[in-house]
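Chemist: Let me give you the structure first, and then I'll get to my questions.
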Amino acid sequence: SSLFVYPTKIIIKTCGTTQLLKSIRPLINLARDVNLALRACRYSRGSFIFPDSQPFPYTSFEDEVSVVEESLPKSLRHRKASVMTPCNNNNNSRAWHVFTASADVDSDESLVVVEVCMTELDRVSARSFFRRDDEERNSDSAGREMTRLSGIDGINANAFICDFAFDPCGYSMNGVDGDRYSTIHVTPEDGFSYASFECGLSLHDGGRGDIAEVLTRSIDVFRPGCVSIATTYNGEGYDHEVTKRVERVLSKKLGLKCRSRLMDEFPGSGTVVYQSFTPRR
Amino acid sequence: MAVSGFEGFEKRLELRFFHDDHNDNSITNNNPMGLRLIDFESLDQVLTEVQCTVVSAVANRSFDAYVLSE
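Protein chains in written order, with our numbering: chain A, 1 to 281; chain B, 1001 to 1070.
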């Protein structure tokens, strides 16, 4: 799980069965103490692997949306909730859930946000995220070892990495590169292995912004059997060429075929594109 | 639920703010640090309500980044 605090933006991302939505009201109050008022809110998530283990309201997206709406000021009057379900997937097991609320229809956010969810991780790759029995080292040095062993330090060579290894397994890292953040969370246990990669970047900033290359390097670390990518364009106008380039590069470099592509518009967040990939047979 | 209590797919919340000139709180009026002025104890209290704790942290000129554990 990760928390990022910018001067006018907070991003908090938690796995497990945490009560994330309880943070909305206290964070709005703390912001008011430093003379800031809420302008926009976005809540998103994939489909839980263990939905029945989630506490209320996370057992149903409708309940989550109700809890978020009750926590927001009325000034955020442009609101939308959507469950983006791939057509080739009759149940919701691969759906992407998004709720946005905003004081303005247009987004004030310049970064494009990419949220990648990966399951069925390659077992050899996942092994990098288990603590070794003989390992006396604390979680910081074990985390650094996992970062190096897995190749995560090669995703963005400019980033300063703050990593942590959990016991007996599991890993989290935050990357810091100028005003760009990135974060990775890994549950390596076989049978329900999972990894996520997220970053905020610009489409036009000389190489660092090439989403396709960044995605290739991050997905290649885990060689997953199933990948979903949610790209939120925010104030950056939607660029269909980027979508097609991601699909071309993932196919060519990782043998991943795009099985579905959904798009939707959200107030205060612009266009969201949701793509799912599996290895070409 | 996984033996280690891990549920992979995360919940993600993003909140964006703007300077509210109606408040006469001159101390922080338009302070460029904005939300980064919030003291760690207050953030930690919010994280406790969410059932998370900070296990690692780093910052640069642009933002503060915390690794959390449930």
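C-beta: ideal position from N, C-alpha, C; glycine also. Just so we're clear, the structure is a prediction, and the values are computed from it rather than from any experiment.
Which residue comes first and which comes last in the beta strand (DSSP E) that contains B/D1064?
Modeler: Residue 1064 of chain B sits at position 64 when you count from the first residue of the second sequence. Per DSSP, the unbroken beta strand (DSSP E) holding B/D1064 starts and ends at D1064 to S1069.
Chemist: Could you tell me the boundaries of the alpha helix (DSSP H) in which A/D33 lies?
Modeler: Counted from its first residue, the first sequence places residue 33 of chain A at position 33. Element bounds for A/D33: I24 to D33.
Chemist: Is A/R223 near the ligand GDP, with its Cβ less than 6 Å from a heavy atom?
Modeler: With respect to the ligand GDP, the structure offers nothing, as it holds no ligand at all.
Chemist: Give me the residue from B/D1021, B/Q1045 and B/S1062 with the minimum Cα distance to A/L38.
Modeler: Sequence index remark: in the first sequence, residue 38 of chain A carries index 38 (1-based). The residue from B/D1021, B/Q1045 and B/S1062 with its alpha-carbon nearest to that of A/L38 is B/D1021.
Chemist: According to DSSP, simplified to helix, strand and coil, what is A/H177?
Modeler: For the purposes of this step, residue 177 of chain A is taken as residue 177 along the first sequence, with counting starting at 1. Per the sequence presented here, residue 177 of chain A reads as Asp, with His not at that position. In the three-state DSSP reduction, A/D177 falls in the strand class (E or B).
Chemist: Spatial neighbours of B/C1052 within its chain, please: C-beta separation below 8 Å, excluding the five flanking residues on both sides.
Modeler: Mapped onto the second sequence, residue 1052 of chain B falls at position 52. The residues are L1068, S1069 and E1070.
Chemist: Does the Cβ-Cβ distance between A/V68 and A/L21 come in under 7 Å?
Modeler: On the first sequence, residue 68 of chain A is found 68 positions in, with the first residue counted as 1. On the first sequence, residue 21 of chain A is found 21 positions in, with the first residue counted as 1. Yes, they are a contact pair.
Chemist: What's the C-alpha gap between A/R144 and B/V1055?
Modeler: For the purposes of this step, residue 144 of chain A is taken as residue 144 along the first sequence, with counting starting at 1. For the purposes of this step, residue 1055 of chain B is taken as residue 55 along the second sequence, with counting starting at 1. Each residue's Cα considered, the two are about 14 Å apart.
Chemist: Taking contact to mean at least 3 C-beta pairs separated by less than 8 Å, is the stretch 43–57 of chain A in contact with the stretch 1035–1051 of chain B?
Modeler: no
Chemist: At a CB-CB cut-off below 7 Å, which residues of chain B make contact with A/H78?
Modeler: Here residue 78 of chain A refers to the residue found at position 78 of the first sequence. The premise fails here: A/H78 is roughly 13 Å from chain B at the closest Cβ pair, so nothing lies under 7 Å.
Chemist: Please state whether the Cβ-Cβ distance between A/P188 and A/F277 is less than 7 Å.
Modeler: As a first step, residue 188 of chain A is located in the first sequence; it is residue number 188 there, counting from the start. As a first step, residue 277 of chain A is located in the first sequence; it is residue number 277 there, counting from the start. Not a contact, by the Cβ cut-off of 7 Å.
Chemist: Please go through the same chain and pick out, in chain order, the residues whose beta-carbon is closer than 6 Å to the beta-carbon of A/R79, but skip the five residues on each side of it.
Modeler: In the first sequence, residue 79 of chain A corresponds to position 79, counting from 1. Here A/R79 has A101 as same chain residues with Cβ atoms under 6 Å from its own Cβ, once five neighbours each way along the sequence are excluded.
Chemist: Which chain B residues are close to A/N174, counting only those with a beta carbon under 7 Å from its beta carbon?
Modeler: If you number the first sequence from 1, residue 174 of chain A lands on position 174. V1058, A1065 and V1067, listed in chain order.
Chemist: Between B/E1010 and chain A, is any beta-carbon pair separated by less than 7 Å?
Modeler: By one-based count along the second sequence, residue 1010 of chain B stands at place 10. Chain A contact via Cβ: present.
Chemist: Identify every run of the alpha helix (DSSP H) within the stretch 204–249 of chain A, keeping only runs that are complete inside it and at least 4 residues long; order them along the chain.
Modeler: 211–222
Chemist: Less than 6 Å between C-beta atoms, sequence neighbours within five positions excluded: which residues of the same chain meet that for A/M118?
Modeler: For the purposes of this step, residue 118 of chain A is identified with residue 118 of the first sequence, where counting begins at 1. So the qualifying residues of the chain are A195, F222, P224 and V227.
Chemist: Give the DSSP-derived three-state secondary structure of A/V124 in the structure shown.
Modeler: Indexing the first sequence from 1 puts residue 124 of chain A at position 124. Looking at A/V124 - three-state DSSP - the assignment turns out to be helix.
Chemist: Please confirm whether A/V162 and B/V1058 have their CB atoms less than 7 Å apart.
Modeler: The residue given as residue 162 of chain A occupies position 162 in the first sequence. The residue given as residue 1058 of chain B occupies position 58 in the second sequence. Just to set this straight, residue 162 of chain A is Cys in the shown sequence, not Val. In this structure, B/V1058 lies closer than 7 Å to A/C162 by Cβ.
Chemist: With a cut-off of 7 Å, does the C-beta of B/D1020 fall near any C-beta of chain A?
Modeler: The sequence position of residue 1020 of chain B within the second sequence is 20, counting from 1. Yes, because at least one Cβ of chain A sits closer than 7 Å to the Cβ of B/D1020.
Chemist: Which residues, in order along the stretch 29–44 of chain A, keep a beta-carbon less than 8 Å from a beta-carbon of chain C?
Modeler: Considering every chain present, this structure includes no chain C. Its protein chains are A and B.
Chemist: Is B/V1055 close to chain A, meaning its C-beta is less than 7 Å from at least one C-beta of that chain?
Modeler: Within the second sequence, the letter at position 55 stands for residue 1055 of chain B. Yes, its Cβ sits closer than 7 Å to a Cβ of chain A.
Chemist: What residue ranges within the stretch 51–103 of chain A form continuous beta strand (DSSP E) runs of no fewer than 3 residues, ordered along the chain?
Modeler: Fully contained in the stretch 51–103 of chain A are the following beta strand (DSSP E) runs of length 3 or more, in chain order: 78–84 and 96–102.
Chemist: Exposed or buried, A/E62, counting other C-beta atoms within 10 Å across all chains shown (16 or more means buried)?
Modeler: As a first step, residue 62 of chain A must be located in the first sequence, where it is residue number 62. By the 10 Å Cβ count, A/E62 comes out exposed.
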